[in-house]
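Mapping of the sequence shown onto our numbering: position 222 corresponds to residue 365, and the numbering continues sequentially without gaps. The structure under discussion appears below in the form of structure tokens.
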Amino acid sequence: MRKLLIALATLGGLLCVAACREENRKAMNEPAKPVAVGGEANADGNARKWWKEAVVYQIYPRSFKDSNGDGIGDLKGITSKLDYLKSLGIDIIWLNPVFSSPNDDNGYDISDYQGIMKEFGTMQDFDELLKGMHDRNLKLVMDLVVNHSSDEHEWFKQSRSSRDNPYRDYYHWWPAEKGKPAARRSFFDVNGDAWKLDEKTNSYYLHYFSQKQPDLNWENPKLREEIYAMMRFWFDKGVDGFRMDVIPFISKDTTFPEMPAKYNGDWGRFYGNGPHVHQYLQEMNKEALSKYDVMTVAEGAGVTTEDALDYVDADRHELNMLYHFEGVSLGYLPDSLKILDPKGYSLVEFKNIYSKWDGVFANKGWGTIYLGNHDQPRMVTRWGNDAPQWRELSSKMLTTFLFTMRAVPYYYAGDELGMNNIKFDRIEDYRDIESLNWYQQTKNKGGDLQQFLAAQKITGRDNGRTPFQWDATTNAGFTTGTPWLKVNPNYMTVNVAAEDNDANSCLNYFRRVVKLRKDNPVLIYGKYTLLDKDNPNVYAYTRELDGRKILVLLNFKDKPVSANTGIDLTEAKLLLGNYLTASPNGQLQPYEAAIYEL
Ligand code: NOJ
Numbered sequence: 144m145r146k147l148l149i150a151l152a153t154l155g156g157l158l159c160v161a162a163c164r165e166e167n168r169k170a171m172n173e174p175a176k177p178v179a180v181g182g183e184a185n186a187d188g189n190a191r192k193w194w195k196e197a198v199v200y201q202i203y204p205r206s207f208k209d210s211n212g213d214g215i216g217d218l219k220g221i222t223s224k225l226d227y228l229k230s231l232g233i234d235i236i237w238l239n240p241v242f243s244s245p246n247d248d249n250g251y252d253i254s255d256y257q258g259i260m261k262e263f264g265t266m267q268d269f270d271e272l273l274k275g276m277h278d279r280n281l282k283l284v285m286d287l288v289v290n291h292s293s294d295e296h297e298w299f300k301q302s303r304s305s306r307d308n309p310y311r312d313y314y315h316w317w318p319a320e321k322g323k324p325a326a327r328r329s330f331f332d333v334n335g336d337a338w339k340l341d342e343k344t345n346s347y348y349l350h351y352f353s354q355k356q357p358d359l360n361w362e363n364p365k366l367r368e369e370i371y372a373m374m375r376f377w378f379d380k381g382v383d384g385f386r387m388d389v390i391p392f393i394s395k396d397t398t399f400p401e402m403p404a405k406y407n408g409d410w411g412r413f414y415g416n417g418p419h420v421h422q423y424l425q426e427m428n429k430e431a432l433s434k435y436d437v438m439t440v441a442e443g444a445g446v447t448t449e450d451a452l453d454y455v456d457a458d459r460h461e462l463n464m465l466y467h468f469e470g471v472s473l474g475y476l477p478d479s480l481k482i483l484d485p486k487g488y489s490l491v492e493f494k495n496i497y498s499k500w501d502g503v504f505a506n507k508g509w510g511t512i513y514l515g516n517h518d519q520p521r522m523v524t525r526w527g528n529d530a531p532q533w534r535e536l537s538s539k540m541l542t543t544f545l546f547t548m549r550a551v552p553y554y555y556a557g558d559e560l561g562m563n564n565i566k567f568d569r570i571e572d573y574r575d576i577e578s579l580n581w582y583q584q585t586k587n588k589g590g591d592l593q594q595f596l597a598a599q600k601i602t603g604r605d606n607g608r609t610p611f612q613w614d615a616t617t618n619a620g621f622t623t624g625t626p627w628l629k630v631n632p633n634y635m636t637v638n639v640a641a642e643d644n645d646a647n648s649c650l651n652y653f654r655r656v657v658k659l660r661k662d663n664p665v666l667i668y669g670k671y672t673l674l675d676k677d678n679p680n681v682y683a684y685t686r687e688l689d690g691r692k693i694l695v696l697l698n699f700k701d702k703p704v705s706a707n708t709g710i711d712l713t714e715a716k717l718l719l720g721n722y723l724t725a726s727p728n729g730q731l732q733p734y735e736a737a738i739y740e741l
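Next comes the structure, spelled out in structure tokens:
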């Protein structure tokens, strides 16, 4: 019945939707003008694509803008801020999941893939948001969470009800009479155990994440067909793509053998290399993606430089882009629950990582770059310096980095204001399942809770999820109610209203750097060359395309340093910098960023 209704609705809607869609497509996807990509620039770049030139801006809907005073951000809230979003110069908005969900993991546990989460609004609100975005030439990318669903999804309710239910094989079950299956680690389980015994049918089910996030069984062709149909449902509505949650995890060896010794401890890498992952992605491409002009980006959990191209080489017909974890994982103590090495991170290593990843996509595929998102702390706290005298400068410096690399920038809402970590003192202030369960896990093991809490102040995910700071009114103008997560007290000065009026604010710097990238194809397609590679303080590189050459100098330290690039800057033209006066000839002030045309 449900399927029939959907089919009818889709059919009816299609006639009018198709017409509007075509209009939108025409407006947004102007015929690609060939770009003469010179030198060793990305060969695949000859096929100019709208998504390669785009700036992606990520919104965590729960924390962006509340329209009805319940303390939770919602779709109408986002719609009310579309003019602000347009003013940023961005092109694509990635929305974290907005589907129906009991919110065990803030929407990453979906109970209905074709419904909207009640707290966020209705399908009509979604349609209005999408229309409002398309009217402004903004594109909408949704979050596809199909490694697992919620245990409250109808499929799982059916599946767990009996061993011979038609939905049984939608999930991974292991009959308890065979004994306990070989260990698999769960990221969010208090005991770290990914197998949960379900009394009703005396069987274990698999959950790589929380107990309320059972893993879907992609071996089952019926499940795969349902997922592709669901994707087409959203594409037919007009959505412009999907960010794909832990997509490399979808394929498993369903005999569930003992973990190979070489992966000991490296669960993400093991989970990310399922035997049929590329078969499924090619099938997904054929059944859904290839039918639309959309973009896809994989959350590249467990993906390394060696296998990245298997996901995004255009000739393989899988996905367009992926984002890796190597950069954001730098600096943790090994085998710790995100505890940072007190020595800090090495800029030389940081440069090596990003340079190596640039090289992966030098001839095929296309890269992405990010320093913050909803799973990370605030970029300025983690990678810059959020002490009052350095917060703005270092935040602008990091933004400069993100917008001058050869990769699509994925920029997290709030970073354009220089928002920083809230740094909760007490576990009671956290809402994130990861922090709460890891705290419990540490406690159960008799671990050092003070060390854990101190580390969470820098690395906990809720730091990146505090409400967006609109103005200096109560709760930063985010809500008239009680916010679901505390607002950072610095909202009195760090907010859109204040920064809009300040030509030198992080916000206005962000707008300038976005425009610079978009106006200069050399910053999008140009060849990247790392300079002064062993310099422990400065990240320096050039970008080159068709006779143009840009030099980027970034001081990652809170002291004056010098860049030794061997390039004479006396004739160079400063295109943009985060100081009113740039330092001469490679001398850099603390956290200085400078972009020169050579
Ligand atoms: C990755 C998502 O980004 C994260 O927020 C979520 O908790 C896990 N996948 C599980 O879906």
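The beta carbon of each residue, even a glycine, is placed where N, CA and C say it ideally should be.
Collapsed DSSP secondary structure at residue i in the structure displayed
i: Gly620; result: helix
i: Thr685; result: strand
i: Ser538; result: helix
i: Asp226; result: helix
i: Asp409; result: coil
i: Thr602; result: helix
i: Tyr722; result: coil
i: Ile370; result: helix
i: Thr113; result: This structure cannot speak to residue 113, because the chain is shown only from 144 to 741.
i: Ile512; result: strand
i: Gln257; result: strand
i: Ser243; result: strand
i: Asp711; result: coil
i: Val199; result: strand
i: Tyr454; result: helix
i: Tyr310; result: coil
Residue i: CB within 6 Å of a non-hydrogen atom of ligand 1
i: Tyr753; result: Look at the range of the chain in this structure, 144 to 741, and you will see that residue 753 is not part of it.
i: Tyr423; result: no
i: Phe392; result: no
i: Phe653; result: no
i: Tyr684; result: no
i: Phe352; result: yes
i: Val446; result: no
i: Val389; result: yes
i: Tyr435; result: no
i: Tyr251; result: yes
i: Asp358; result: no
Per DSSP, the bridge partner or partners of residue i
i: Lys282; result: Ile235
i: Lys716; result: Glu740
i: Ser346; result: Pro318 and Asp341
i: Asp358; result: His291
i: Thr439; result: Phe385
i: Pro552; result: Ile512
i: Ser705; result: Gln730
i: Gln594; result: BP columns for Gln594 are empty, so no partner.
i: Ile215; result: Answer is none; Ile215 lacks a bridge partner.
i: Arg328; result: Asp336
i: Leu560; result: Beta-bridge pairing links Leu560 to no other residue.
Residue i, enclosing beta strand (DSSP E) - first and last residue
i: Asn698; result: Arg691 to Asn698
i: Gln425; result: Element bounds for Gln425: not the beta strand (DSSP E) but the alpha helix (DSSP H), Val420 to Glu430.
i: Leu674; result: Lys670 to Leu674
i: Met464; result: Met464 to Tyr466
Boundaries of the alpha helix (DSSP H) in which residue i is found, first to last residue
i: Gly502; result: Leu490 to Val503
i: Asp643; result: Val639 to Asp643
i: Phe124; result: Absent from the model: residue 124. The displayed extent of the chain is 144 to 741, so no value can be given.
i: Val389; result: Unbroken run through Val389: none, as it is neither H nor E.
i: Asp662; result: Cys649 to Asp662
i: Val471; result: Val471 -> no alpha helix (DSSP H), and no H or E assigned at all.
i: Met522; result: Met522 to Trp526
Chain C contact for residue i (CB, 7 Å cutoff)
i: Tyr256; result: No chain C is part of this structure, which consists of one protein chain only.
Quick check: the region 378–389 against the region 339–348, are at least 3 beta-carbon pairs closer than 8 Å? Look at the beta carbons and you see the region 339–348 not touching the region 378–389: under three pairs across the two are nearer than 8 Å.
Contact the region 615–632 vs the region 204–216: 3+ CB pairs below 8 Å: Remark: three or more beta-carbon pairs, one from each stretch, lie closer than 8 Å, so the region 615–632 and the region 204–216 are flagged as touching.
Could you say if the region 323–332 and the region 351–369 meet the contact criterion of at least three C-beta pairs nearer than 8 Å? In short, these stretches touch, since the Cβ pair count reaches three.
Tell me whether the region 495–503 and the region 419–429 touch, counting them as touching only if at least three CB pairs, one residue from each stretch, are closer than 8 Å. Per the Cβ contact rule, the region 495–503 is not in contact with the region 419–429 (fewer than 3 Cβ pairs under 8 Å).
Does the region 282–295 touch the region 354–367, meaning 3 or more C-beta pairs lie closer than 8 Å? The way I'd put it, the region 354–367 does touch the region 282–295; three or more beta-carbon pairs between them come closer than 8 Å.
Taking contact to mean 3 or more Cβ pairs, one atom from each stretch, closer than 8 Å, check whether the region 364–373 and the region 384–391 are in contact. Between the region 364–373 and the region 384–391, the count of Cβ pairs shorter than 8 Å is below three; the stretches do not touch.
Counting Cβ pairs, one atom from each stretch, are 3 or more of them under 8 Å apart for the region 221–234 and the region 194–201? Because the criterion of three Cβ pairs below 8 Å is met, the region 221–234 and the region 194–201 touch.
Inter-stretch contact (C-beta, 8 Å, three-pair minimum) for the region 303–314 and the region 255–262: Judged by Cβ distances under 8 Å, the region 303–314 makes no contact with the region 255–262, as fewer than three pairs qualify.
Taking three-plus beta-carbon pairs below 8 Å as touching, is the region 477–490 in contact with the region 431–440? Verdict: no, contact absent.
Okay, do the region 568–581 and the region 657–673 touch, 3+ Cβ pairs below 8 Å being the bar? No, they do not touch.
Give a yes or no on contact between the region 639–657 and the region 594–605, applying the rule of three or more CB pairs nearer than 8 Å. Output reads no: the region 594–605 does not touch the region 639–657.
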